[in-house]
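Colleague:
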Amino acid sequence: MSLQTEGKPPPPKGPTGYRVEDRIGIQAPPEVIWEVVHDLSLWREWNPTYPRAEGEVRIGNMLTLDLALPGQSTQEIKARILDWVPNEQLHWELKMMGGLIRTLRYIEIAPLAETGCVVDNGELFGGLMGPSLGKRMRGPVRRGFLAMNEALKIRAEALWAERRA
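Note that this note's numbering numbers the sequence shown so that position 77 is 663, with each residue one more than the last.
#1: How many angstroms separate the CA atom of K721 from the CA atom of G684?
#2: Report the option in I667, A742, W629, E709 whose CA atom is closest to the CA atom of N647.
#3: Grouping DSSP H, G and I as helix and E and B as strand, with all else coil, what is S588?
#4: Along the chain, where does the alpha helix (DSSP H) that runs through V623 open and close?
#5: Can you name, in chain order, every residue of its own chain whose Cβ lies under 7 angstroms from the Cβ of V671, other than the five neighbours on each side?
#6: Taking the beta carbon of T635 as the centre, do at least 16 other beta carbons fall within 10 Å, making it buried, or is it exposed?
#7: Are R741 and W632 closer than 8 angstroms when you measure CB to CB?
#8: In chain order, what residues of the same chain have a beta carbon less than 6 angstroms from the beta carbon of E610, not counting five sequence neighbours either side?
#9: Can you round the beta-carbon distance between L690 and L710 to whole angstroms, since I take them to be within the 8 angstroms contact cut?
#10: Determine the contact status of C703 and I612, defining contact as a CB-CB distance below 8 angstroms.
#11: Can you list, in chain order, the residues of its chain with a C-beta nearer than 7 angstroms to that of W620? Leave out the 5 residues immediately preceding and following it.
#12: List the endpoints of the continuous beta strand (DSSP E) containing G702.
#13: Under 8 angstroms, do I693 and L680 count as touching if we go by C-beta distance?
#14: For A696, which beta-bridge partners are listed by DSSP?
#15: Leaving out the 5 sequence neighbours to the left and right, which residues in its chain are closer than 8 angstroms to A747 when beta-carbon positions are compared?
#16: When the Cα atoms are used, what is the spatial distance from G725 to E607?
#17: Should G657 go down as buried or exposed, given a rule of 16 or more other Cβ atoms within 10 Å for buried?
What follows is the structure in structure tokens.
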């Protein structure tokens, strides 16, 4: 016996919650963008949103990050790597208030051409209180992702230009 009411579509698959995202086009191959994203030890050199990132990109590993959103105090956060695929994506999870707030943070690289990609940089706010936090923090979070994307674009395109020279 189905718990679904006849005629209604099935519930959506995948994580749900309140999404805040920024997208940017970068004129570099996915491998170059991934190289910049993957090396957390160098984020301090280019990333205004996470001026400190410690940890190794491996599933289940913990990261220690300093989150510096525009107009907000910098705060240290601890996150766990959920998933990563070289040249494609990095996902991590943050739990706060005993899991009442759970966020899924993602950086995803989608190739459009041999040397051009779109990078989606965002966060999905879930848990009982996550969506309300996401709505309240939408402005600073989006500006932080925009600043990070612009810095990633500059870094990856400069690295790609240097390698082609």
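Glycine residues also receive a C-beta, built at the ideal position from the N, C-alpha and C atoms.
Modeller: Let me spell this out:
#1: 20 angstroms
#2: I667
#3: In this predicted model, S588 has a pLDDT of only 41, less than 50, meaning its place in the structure is not dependable; the value taken from the coordinates is given anyway. S588: coil per DSSP, three-state reduction.
#4: 616-624
#5: none
#6: buried
#7: yes
#8: Looking at the sequence itself, residue 610 is Ile, so the reference to Glu does not match. Within the same chain, I610 has close Cβ partners V705, N735, K739.
#9: 4 angstroms
#10: yes
#11: P672, N673, I695
#12: 702-712
#13: no
#14: V704
#15: none
#16: 11 angstroms
#17: exposed
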